[in-house]
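Engineer: Residue numbers (my numbering): -14 to 200.
The beta-carbon is built from N, C-alpha and C at its ideal position, and this holds for glycine as well.
Note that the structure is a prediction, hence the values are computed from the model and not measured.
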């Protein structure tokens, strides 16, 4: 009886792990992960974006990537994995508005705590953050972000700065904008991580890792 139960557990784990392996074999759309100082014109030339309005502040638009999201709970912490880009996102982010410099301190504390078993969370680049922008009609709702994400963080910092100015690039999910703000202003933080999508405990079938929502 004990051997039978063990075989059932092994078979169940193989079926659970199969979607992860399949997703890992699919090619990702690679987005820049290193920070840059970018001009307004450079941001407006960003790939994988459909722009509907341009201005001296940035642009409004949405991502053209066919995002494939999956919401997970790892060690009790909620994340959203995008199988199209290979990125893992914090499902919500900071509870309060913070300045750009304080955003780095907030993420350092998050890494020290090991959110979702990971210690390599960071601010997204503008390309990574803009990949979350949905068109107004895609989900039939106004917020320009998939409903798997918390909407409380309606405007977030990126790690990219605007050249020749004391500002950084931001993403607004209330209006689908990519715009810059001074680093002394305040926004929310939604960190991201790349590289190994899942922490080791998840890949080894730890009971700390639960699939909450399928693609």
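Compute the distance between the beta-carbons of residue 65 and residue 101, then report whether it is under 7 Å.
Structural biologist: No, the pair does not count as a contact, with Cβ atoms beyond the cut-off.
Engineer: Determine the contact status of residue 15 and residue 35, defining contact as a CB-CB distance below 7 Å.
Structural biologist: In this structure, residue 35 does not lie closer than 7 Å to residue 15 by Cβ.
Engineer: Could you tell me whether the region 164 to 175 touches the region 126 to 139, using the rule of 3 or more Cβ pairs below 8 Å?
Structural biologist: Taking 8 Å as the limit for Cβ pairs, the verdict is that the region 126 to 139 does touch the region 164 to 175.
Engineer: Whose C-beta lies closer than 6 Å to the C-beta of residue 13 among residues of the same chain, with five residues either side of it excluded?
Structural biologist: Counting only Cβ-Cβ distances below 6 Å, and skipping sequence neighbours, we find 70 and 71.
Engineer: Should the region 18 to 34 be called in touch with the region 106 to 113, which here means at least 3 C-beta pairs below 8 Å?
Structural biologist: Segments in contact, yes.
Engineer: Using C-beta distances below 8 Å, list every residue in its chain close to residue 82, excluding the 5 sequence neighbours before and after it, in chain order.
Structural biologist: If we look at residue 82 and ignore the five residues flanking it on each side, its Cβ neighbours are 171, 172 and 173.
Engineer: Going by Cα to Cα distance, which pick from 55, 161 and 86 is closest to residue 114?
Structural biologist: Comparing Cα-Cα distances from residue 114 to each of 55, 161 and 86, the minimum goes to 161.
Engineer: Quick one: which unbroken alpha helix (DSSP H) runs of 4-plus residues sit fully inside the region 110 to 157? Chain order, please.
Structural biologist: Runs found: 111 to 115.
Engineer: Hey, residue 168 and residue 28 are a contact pair by Cβ (cut 8 Å); roughly how many whole angstroms apart?
Structural biologist: Wrong, their Cβ atoms sit about 16 Å apart, outside the cutoff.
Engineer: Identify the continuous beta strand (DSSP E) that holds residue 165 and give its terminal residues.
Structural biologist: 162 to 167 is the span of the beta strand (DSSP E), which, as asked, contains residue 165.
Engineer: Buried or exposed: residue 43, going by 16 or more other Cβ atoms within 10 Å of its Cβ?
Structural biologist: Buried, by the Cβ-count rule.
Engineer: Between the alpha carbons of residue 7 and residue 41, how many angstroms are there, rounded?
Structural biologist: Per-residue confidence for residue 7 stands at a pLDDT of 40, beneath the threshold of 50, marking its modelled position as unreliable; no derived number is given.
Engineer: Three-state secondary structure (DSSP) at residue 97?
Structural biologist: If DSSP states are grouped into helix, strand and coil, residue 97 belongs with the helices.
Engineer: Do you know how far the Cα of residue 150 is from the Cα of residue 33?
Structural biologist: Computed Cα separation, rounded: 26 Å.
Engineer: Leaving out the 5 sequence neighbours to the left and right, which residues in its chain are closer than 6 Å to residue 120 when beta-carbon positions are compared?
Structural biologist: If we look at residue 120 and ignore the five residues flanking it on each side, its Cβ neighbours are 47.
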